[in-house]
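Trainee: Residue numbering for the sequence shown follows numbering that gives the first Met the number 0, beginning at 0 and increasing consecutively.
Attaching a single structure in structure tokens format; questions to follow.
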Amino acid sequence: MKVVVAEKCGFCHGVKNAISVAEQVLAEKNDVYSLGPIIHNRDEVEQLANIGLKTVGKVEEIQSGTVLIRSHGAAPEQIAKLREKGLNIVDATCILVKRVQHIASELEKDGYKVVIIGEENHPEVRAVMGCAKDVVVIADESDLHKLPQNAKLGVVCQTTQSPEHFGKMLGAIGRGGFSELKVINTLCKEAIKRQESAVQLCKQVDIMFVLGGLESANTRRLAELCKKYNSETFHLQNWNELDKNILLGKNIAGVTAGASTPEWIIAEFVKNLEAFDNCNDVRANMEPPGKGGG
Ligand code: SF4
Numbered sequence: 000m001k002v003v004v005a006e007k008c009g010f011c012h013g014v015k016n017a018i019s020v021a022e023q024v025l026a027e028k029n030d031v032y033s034l035g036p037i038i039h040n041r042d043e044v045e046q047l048a049n050i051g052l053k054t055v056g057k058v059e060e061i062q063s064g065t066v067l068i069r070s071h072g073a074a075p076e077q078i079a080k081l082r083e084k085g086l087n088i089v090d091a092t093c094i095l096v097k098r099v100q101h102i103a104s105e106l107e108k109d110g111y112k113v114v115i116i117g118e119e120n121h122p123e124v125r126a127v128m129g130c131a132k133d134v135v136v137i138a139d140e141s142d143l144h145k146l147p148q149n150a151k152l153g154v155v156c157q158t159t160q161s162p163e164h165f166g167k168m169l170g171a172i173g174r175g176g177f178s179e180l181k182v183i184n185t186l187c188k189e190a191i192k193r194q195e196s197a198v199q200l201c202k203q204v205d206i207m208f209v210l211g212g213l214e215s216a217n218t219r220r221l222a223e224l225c226k227k228y229n230s231e232t233f234h235l236q237n238w239n240e241l242d243k244n245i246l247l248g249k250n251i252a253g254v255t256a257g258a259s260t261p262e263w264i265i266a267e268f269v270k271n272l273e274a275f276d277n278c279n280d281v282r283a284n285m286e287p288p289g290k291g292g293g
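Structure follows, in structure tokens:
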């Protein structure tokens with residue numbers, strides 16, 4: 000099968016940095032924890048676990064050693080708790096996420112009601128929420144009722160949202176009742192480049208694959224966008240998840256991957272897909288056991 004890989008896909012600077020920091024710390028120390036998965040990719044987290052990284056959900060689960068703050072960051076309250084426990088903290092928060100945290104806290108100091116356009120349960124958003132006392136998170140138009148009337152609104156965006164969604168939400172906020180509106184663009188250019196490149200590619204192929212963790216916000220965004228332009232879009236974590244039957248009748252496939260998807264997952268997927276014989280391999284896959292021996 001012919002396979003085209005998106006010009007921009009896979010690891011971004013923030014994720015590369017978090018992994019290299021983790022590997023460095025693991026090479027030097029023994030008791031190393033990550034507060035939440037270091038990145039949103041199960042396969043990469045498993046690889047790091049094999050060399051000693053222990054992933055925990057809460058500060059209370061760590062008694063000693065070194066704690067890595069993941070690329071999505073952590074709320075100041077969590078960091079304070081880690082300090083109180085006397086743990087060694089290594090911060091691998093992406094600088095762009097740090098920027099959103101800083102902006103949220105500055106907006107609040109300047110008297111704005113902080114509004115984040117994003118997913119309330121995403122770790123990046125939760126960490127930003129922890130940087131100001133009273134934050135409103137709006138995912139889509141159904142959340143607009145949460146905005147206070149006649150207030151000074153200071154709006155930021157989860158880094159991996161799409162510019163289209165950011166713009167649409169700003170338009171909707173703008174139609175509401177506010178006394179002042181300050182907007183700071185906190186979208187990540189790396190995520191935007193991946194979105195543009197994925198959309199361009201998905202329009203030219205019979206079938207589109209988006210590789211990456213199911214919890215990864217930027218990967219989900221890529222899949223949502225591609226699905227809009229190519230209904231034959233599939234979000235998979237790796238090659239093992241592929242149902243070969245969906246390849247039937249397809250000649251050209253596009254592949255993209257989220258900012259937290261390792262290169263080896265992409266390479267393995269592309270190699271197997273290229274080697275896939277559209278007619279014979281699909282038929283073999285569909286035949287009941289015992290009938291394929293010839
Ligand atoms: S996608 Fe952007 S904001 Fe998120 S970790 Fe990567 S570089 Fe940082």
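All C-beta atoms in this analysis are idealised placements derived from N, C-alpha and C, irrespective of residue type, glycine included.
#1: Give the list of continuous alpha helix (DSSP H) stretches no shorter than 4 residues that lie fully inside the stretch 115-182.
#2: So which of 188, 121, 91 and 99 has the shortest CA-CA distance to residue 23?
#3: Short of 8 Å in beta carbon distance, which residues of its chain neighbour residue 174, apart from the five on each side in sequence? Order them along the chain.
#4: Return the chain-ordered ranges of every beta strand (DSSP E) run that is complete within the stretch 210-271 and spans a minimum of 3 residues.
#5: Run through DSSP, which three-state label would residue 202 get?
#6: Can you list every residue whose CB sits closer than 6 Å to some heavy atom of the ligand SF4, going in chain order?
#7: Under a Cβ-count criterion, where at least 16 other Cβ atoms within 10 Å of its own Cβ denotes burial, should residue 82 be classed as buried or exposed?
#8: Apart from the five residues just before and just after residue 123, which ones in its own chain have a Cβ nearer than 7 Å to its Cβ?
#9: Going by other Cβ atoms of all chains shown within 10 Å of its Cβ, with 16 needed for buried, is residue 75 buried or exposed?
#10: Could you tell me the boundaries of the beta strand (DSSP E) in which residue 68 lies?
#11: Say whether the stretch 39-56 touches the stretch 238-254, bearing in mind that this needs 3 or more beta-carbon pairs closer than 8 Å, one atom from each stretch.
#12: Look at the alpha carbon of residue 125 and the alpha carbon of residue 119, and state the distance between them as a whole number of angstroms.
#13: Nearest to residue 51 by CA position, among 205, 3 and 21, is which residue?
#14: For residue 194, collect the residues of the same chain with a Cβ closer than 7 Å to its Cβ; drop the 5 residues on either side in sequence, then sort them by chain order.
#15: How many whole angstroms separate the CB atoms of residue 201 and residue 228, which I take to be in contact at a CB cut-off of 8 Å?
#16: According to DSSP, is residue 84 helix, strand or coil?
#17: For residue 33, write down the residues that DSSP places opposite it in a beta bridge.
#18: Considering only C-alpha positions, which residue in the set 43, 66 and 14 is nearest to residue 93?
#19: Of all the options 150, 234, 198 and 148, which has the alpha carbon lying nearest to the alpha carbon of residue 215?
#20: Residue 247: buried (16+ other C-beta within 10 angstroms of its C-beta) or exposed?
#21: Identify, in the order they occur along the chain, each residue of the same chain with its Cβ nearer than 6 Å to the Cβ of residue 35, setting aside the five sequence neighbours on each side.
#22: Are three or more beta carbon pairs between the stretch 179-186 and the stretch 136-156 nearer than 8 Å?
#23: For residue 28, which residues from the same chain have a beta carbon less than 6 Å from its beta carbon, with the 5 sequence-adjacent residues on both sides left out?
#24: Going by C-alpha distance, which of 16, 217 and 199 is nearest residue 3?
#25: Output the distance between the C-alpha atoms of residue 217 and residue 108, rounded to the nearest integer angstrom.
#26: With a cut-off of 8 Å on the beta carbons, I'd call residue 7 and residue 196 a contact; round off their distance for me.
#27: Excluding sequence positions up to five away, which residues of its chain have a Cβ less than 6 Å from the Cβ of residue 231?
#28: Let's see if you can read the secondary structure: which residues bound the beta strand (DSSP E) around residue 1?
#29: Could you please give me the residues that DSSP links to residue 109 through a beta bridge?
Mentor: Walking through what the data contain:
#1: Listed in chain order, the alpha helix (DSSP H) runs fully inside the stretch 115-182 are 122-128 and 162-173, counting runs of at least 4 residues.
#2: For the purposes of this step, residue 23 is identified with residue 24 of the sequence shown, where counting begins at 1. Of 188, 121, 91 and 99, the residue nearest in Cα terms is 91.
#3: For the purposes of this step, residue 174 is identified with residue 175 of the sequence shown, where counting begins at 1. Cβ neighbours of residue 174 beyond the five flanking positions: none.
#4: 232-235 and 251-256
#5: The residue given as residue 202 occupies position 203 in the sequence shown. In this structure, residue 202 counts as coil in the three-state DSSP scheme.
#6: 11, 12, 13, 14, 70, 93, 95, 96, 158, 159, 187, 189, 190, 217 and 258
#7: The residue you call residue 82 lines up with position 83 of the sequence shown. Exposed: under 16 other Cβ atoms inside 10 Å.
#8: Looking up residue 123 in the sequence shown gives position 124. 71, 72, 96, 157 and 158.
#9: Stepping through the sequence shown from its first residue, residue 75 is reached at position 76. Exposed.
#10: Taking the sequence shown and counting its residues from 1, the one referred to as residue 68 is at position 69. For residue 68, the enclosing beta strand (DSSP E) starts and ends at 65-68.
#11: no
#12: To locate residue 125, count along the sequence shown from 1; it is residue 126. To locate residue 119, count along the sequence shown from 1; it is residue 120. In a straight line, the C-alpha of residue 125 is about 7 Å away from that of residue 119.
#13: As a position in the sequence shown, residue 51 is number 52, starting the count at 1. Of 205, 3 and 21, the residue nearest in Cα terms is 21.
#14: Counted from its first residue, the sequence shown places residue 194 at position 195. A distance below 7 Å between beta-carbons, with the five flanking residues on each side excluded, links residue 194 to the following residues of its chain, in chain order: 161, 220, 221 and 224.
#15: Against the sequence shown, residue 201 aligns to sequence position 202. Against the sequence shown, residue 228 aligns to sequence position 229. With a Cβ gap of about 5 Å, residue 201 and residue 228 count as contacting.
#16: Here residue 84 corresponds to residue number 85 of the sequence shown, with the count starting at 1. If DSSP states are grouped into helix, strand and coil, residue 84 belongs with coil.
#17: Your numbering for residue 33 matches position 34 in the sequence shown. 54 and 67, per the DSSP bridge assignment.
#18: Working through the sequence shown from its first residue, we reach residue 93 at position 94. Checking every option, the nearest Cα to that of residue 93 belongs to 14.
#19: Taking the sequence shown and counting its residues from 1, the one referred to as residue 215 is at position 216. Comparing Cα-Cα distances from residue 215 to each of 150, 234, 198 and 148, the minimum goes to 234.
#20: Counted from its first residue, the sequence shown places residue 247 at position 248. Exposed is the call here.
#21: Position 36 of the sequence shown, counted from the start, is the residue given in the question as residue 35. The residues are 69 and 122.
#22: yes
#23: As a working mapping, residue 28 is identified with position 29 in the sequence shown. So the qualifying residues of the chain are 65.
#24: Position 4 of the sequence shown, counted from the start, is the residue given in the question as residue 3. Comparing Cα positions, the closest option is 199.
#25: The residue you call residue 217 lines up with position 218 of the sequence shown. The residue you call residue 108 lines up with position 109 of the sequence shown. Rounded to whole angstroms, residue 217 and residue 108 show a C-alpha spacing of 30 Å.
#26: By one-based count along the sequence shown, residue 7 stands at place 8. By one-based count along the sequence shown, residue 196 stands at place 197. That belief holds up - the Cβ atoms of residue 7 and residue 196 are roughly 4 Å apart, short of 8 Å.
#27: As a position in the sequence shown, residue 231 is number 232, starting the count at 1. Within the same chain, residue 231 has close Cβ partners 206.
#28: On the sequence shown, position 2 is the one that residue 1 refers to. Per DSSP, the unbroken beta strand (DSSP E) holding residue 1 starts and ends at 1-4.
#29: Within the sequence shown, the letter at position 110 stands for residue 109. The partner list for residue 109 (beta bridge, DSSP) is empty, contrary to what the question assumes.
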